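**Q**
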Ligand code: PEP
Ligand code: MN
């Protein structure tokens, strides 16, 4: 079994604890010159912690650049030697894990197209058995938290103790503003399920274009992500893959500088006191809403009894339309979105029907 040399392991371990953690580098390693120069420019900004590069590229369509392969690994090794930055690459097979370890890659990541496939994830996990290396796991292409969690479990069961998550957005049908819809709620739920696990945002693959990278990165930081993975290339327009979304190292540095790192104030006591007060108010309101909902359900049950005794159907469409109309009118006035109010009313209505159903059929 291969293990990391103590030198490279301390290099990555120091970065593993750093917040925010910034990973950058080209989508793909293309030539030694491109890899090394990009790495040097990134290191010179002083803003990058870990150097990334795609060596094997699973592409959606054949004929696209599928990565330079193992011959790019010595270039990455050279880039590390010249910059002192630890390195990370994407792996999708057991052989790729072995090759990456042979060339002293410091951290591995599993790509979105691999996370979707339990066979592939298991193969990577098996190759990792007995190896001490941090592994980041990108969300699967499709919005499926069980698949993402399953990949985490497979890697954890192989004995990997340092596991992180990368949120790179989800494929959705039709054209949207994004290459991959962020579906932030899924990343937030994944964070909730894995408290303390490193969570990185990858705005490059979410956006698919340069102009909105900053907005997505800022949003991730506002949502308390631990860091960012952003693709950077010495000459983005000429990149062999993902040209539209890559930025120069200089632009990357500007972006990092422009981000408001709101985490900085959280230690201030007045901030905490104000937040606690507002949270207290929310708790009160949530409590009251619960009581009101319970009351509403008890009344619905009474109506159920009444309908049962008079042989009336549960759903009376006219009545429901009236409720919707009245609620939309009020929602508009109060500035609540119709989408939200519809979802809320649907949930309440379903629960009411279930309650009435129980009363009428028991
Ligand atoms: C990448 O990071 O270059 C990549 C292929 O990303 P993803 O797996 O998110 O598509
Ligand atoms: Mn890419």
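In my numbering, the protein residues as written are 155 to 516.
Each residue gets a CB set at the ideal place from its N, CA and C atoms; glycine is no exception.
Quick caveat: nothing in here was measured; it's all calculated off a predicted structure.
From the DSSP output, in three-state form, read off residue 183 for me.
**A** Residue state, collapsed to three classes: coil.
**Q** DSSP three-state label for residue 206, please.
**A** Strand.
**Q** Would you grab the beta carbon distance between residue 263 and residue 320 for me? Rounded to a whole angstrom, and I think it's under 8 Å.
**A** Residue 263 to residue 320, Cβ: 7 Å. Contact.
**Q** May I ask whether a heavy atom of the ligand MN can be found less than 7 Å away from the beta carbon of residue 391?
**A** Because no heavy atom of the ligand MN lies under 7 Å away, the Cβ of residue 391 does not count as near it: no.
**Q** Less than 7 Å between the CB of residue 325 and some heavy atom of the ligand MN, yes or no?
**A** Answer for residue 325: no, Cβ out of range of the ligand MN.
**Q** Evaluate residue 493 with the Cβ neighbour count: other Cβ atoms within 10 Å of its Cβ, from every protein chain shown; 16 or more gives buried, anything less gives exposed.
**A** Exposed, by the Cβ-count rule.
**Q** Which residue or residues does DSSP assign as beta-bridge partners of residue 129?
**A** Because the chain in this structure spans residues 155 to 516, residue 129 falls outside the shown range and cannot be described.
**Q** Quick one: does the C-beta of residue 181 sit closer than 7 Å to a heavy atom of the ligand PEP?
**A** Flag set: Cβ of residue 181 near the ligand PEP.
**Q** Hey, which unbroken runs of the alpha helix (DSSP H) at 4 residues or more fall wholly within the segment 277-325?
**A** List check, alpha helix (DSSP H) in window: 299-311.
**Q** Cβ of residue 225 within 8 Å of Cβ of residue 395?
**A** No, the Cβ-Cβ distance between residue 225 and residue 395 is not below 8 Å.
**Q** Where does residue 244 sit, in a helix, a strand or coil, going by DSSP?
**A** Of the three classes helix, strand and coil, the one that applies to residue 244 here is strand, per DSSP.
**Q** Report buried or exposed for residue 323, applying the criterion of at least 16 other Cβ atoms within 10 angstroms of its Cβ.
**A** Answer is buried; the Cβ neighbour count reaches 16.
**Q** In angstroms, rounded to a whole number, what distance separates the CA positions of residue 468 and residue 514?
**A** One C-alpha to the other measures close to 9 Å.
**Q** Considering Cα atoms alone, identify which of 278, 265 and 354 is closest to residue 296.
**A** Residue 265 is the option with its Cα nearest to residue 296.
**Q** Do the segment 181-196 and the segment 269-276 make contact, defined as three or more Cβ pairs closer than 8 Å?
**A** No, because fewer than three Cβ pairs between the segment 181-196 and the segment 269-276 fall closer than 8 Å, the two stretches do not touch.
**Q** Inspect the beta-carbon positions of residue 192 and residue 387 and report whether they are closer than 8 Å.
**A** It is a contact, given that the beta carbons lie within the stated cut-off.
**Q** Straight-line CA distance for residue 247 to residue 280?
**A** Near 10 Å, if we compare the C-alpha coordinates of residue 280 and residue 247.
**Q** Contact between the segment 497-506 and the segment 445-460 is defined here as three or more beta-carbon pairs at a separation below 8 Å; is this criterion met?
**A** Because the criterion of three Cβ pairs below 8 Å is met, the segment 497-506 and the segment 445-460 touch.
**Q** Hey, how far is the Cα of residue 238 from the Cα of residue 178?
**A** The straight-line gap from Cα to Cα measures roughly 14 Å.
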